[in-house]
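Read through the structure below, which is laid out as structure tokens, and then see the notes.
Residue numbers (the working numbering): 351 to 461.
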């Protein structure tokens with residue numbers, strides 16, 4: 351294993367350790383547990399948050415315009431989701447942890 355690979359492994363371990371410390375304080379941190387179980391990197395998680403922010407904005411805009419059918423948002427969510435994750439486990443974890451509640455509540459209807 352080369353030095354760059356070792357450095358990346360150490361960086362991921364440090365990130366997971368910081369999440370473990372947060373989980374220790376609050377056992378409702380289901381999304382953090384999922385990140386660690388699936389060994390996602392910090393950049394992958396940041397991309398997830400960025401995607402959810404965009405979907406949340408789109409959901410709120412569409413809802414304000416009177417939309418009642420949000421299956422296209424669910425399709426985008428599942429298409430953009432990291433391959434190690436499933437929509438069901440992510441939606442459940444986010445709802446338990448209190449992340450993106452309006453969006454995840456709506457997306458849960460399409461599982």
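No residue lacks a Cβ here, since even glycine has one placed at the ideal position from N, Cα and C. Since the model is a prediction, treat every value here as computed from it, not as a measurement.
Among the options, whose alpha-carbon lies nearest the alpha-carbon of residue i?
i	options	result
residue 380	444, 403, 416	444
residue 412	363, 367, 456	456
residue 434	386, 359, 451, 364	386
residue 431	461, 394, 451	394
residue 398	351, 436, 417, 378	436
Short check: CB of residue i to CB of residue j, under 9 Å?
i	j	result
residue 389	residue 361	no
residue 401	residue 427	yes
residue 442	residue 458	yes
residue 410	residue 452	yes
residue 367	residue 447	no
residue 406	residue 365	no
Starting from residue i, trace the alpha helix (DSSP H) in both directions and tell me its first and last residue.
i	result
residue 387	380-387
residue 458	451-458
Just to check my reading of the structure: residue i and residue j have Cβ atoms closer than 8 Å, yes? What is that Cβ distance to the nearest angstrom?
i	j	result
residue 382	residue 396	Contact flag wrong, Cβ pair sits at about 14 Å.
residue 384	residue 439	6 Å
Quiz item: Which full runs of the alpha helix (DSSP H) of 4+ residues lie inside the region 415-447, going along the chain?
Solution: 421-430, 437-447
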